[in-house]
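Novice:
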Amino acid sequence: MSLHCLKQLAGNVCLKKFILFVFHVFLELVLKIRVANTADPDFIEVELPRNELTYQALLCLCCKELDLNPHQIKKLRKLPNTKLRKDKDIQRLQNFQEIEVMIDATNVYKSMQNANGVNNLLMLPANGYQSISKKDQTILY
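Every letter in the sequence shown is one number past the one before it in the working numbering, and letter 87, counting from 1, is 93.
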């Protein structure tokens, strides 16, 4: 291919957009992540390099983006109902799949900074009541 042809191709805006699109599709996996059972139901989009499709890489990315420590994370769940456990599970993920980060129950009442991009969000138990986190607690009227 001649230099003239290359210059024409480089000047084509549509071709540039296509090349960028192909670059991102083949080099990055875009996932939607959020912390489970928070007051904010929104996901954030994150990019995981395709050459790092491991459970550990996804765990580190979630910790970084959601401002969590790895010891706070109980499990990663691909919505609606699949636990992610190993590298093969991560390698099967597709673009824009939704991942929930399940937090250890001992951290339910601790305030988290920057969870899903919102400062000082309190965790809510699965039953929706902040004061009742376990079924065996007494309810006072």
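C-beta: ideal position from N, C-alpha, C; glycine also.
Just so it is clear, the structure is predicted and the values come from calculations on it, not from any experiment.
Count the C-beta pairs between the stretch 72–88 and the stretch 103–111 that are closer than 8 Å, then say yes if the count reaches three, no if not.
Specialist: Enough Cβ pairs lie closer than 8 Å, so yes.
Novice: Specify, as a first and last residue, the run of the beta strand (DSSP E) that Gln103 falls within.
Specialist: Here the beta strand (DSSP E) through Gln103 covers Gln103 to Ile109.
Novice: If Lys38 and Gln100 are in contact, beta carbons under 8 Å, what's the gap, nearest whole angstrom?
Specialist: With 8 Å as the limit, Lys38 and Gln100 do not qualify as a contact, their Cβ atoms being about 11 Å apart.
Novice: Would you list the residues sitting across from Ile96 in a DSSP beta bridge?
Specialist: Ile96 pairs with nothing; no bridge assigned.
Novice: Counting C-beta neighbours from all protein chains within 10 Å, is the total for Lys71 16 or more, i.e. buried, or is it exposed?
Specialist: The question names Lys, yet the displayed sequence has Glu at residue 71. The residue is buried, with at least 16 neighbouring Cβ atoms inside 10 Å.
Novice: Is it buried or exposed, Lys23, if we count other Cβ atoms within 10 angstroms and call 16 or more buried?
Specialist: Label assigned to Lys23: exposed.
Novice: Taking Cβ positions, are Cys66 and Leu82 nearer each other than 8 Å?
Specialist: The answer is no: Cβ separation not under 8 Å.
Novice: Figure out for me which residue from Phe49, Ala45, Leu35 and Arg40 has the closest Cα to the Cα of Asn57.
Specialist: Residue Leu35 is the option with its Cα nearest to Asn57.
Novice: Distance, Cα to Cα, Pro55 vs Lys94?
Specialist: Near 15 Å, if we compare the C-alpha coordinates of Lys94 and Pro55.
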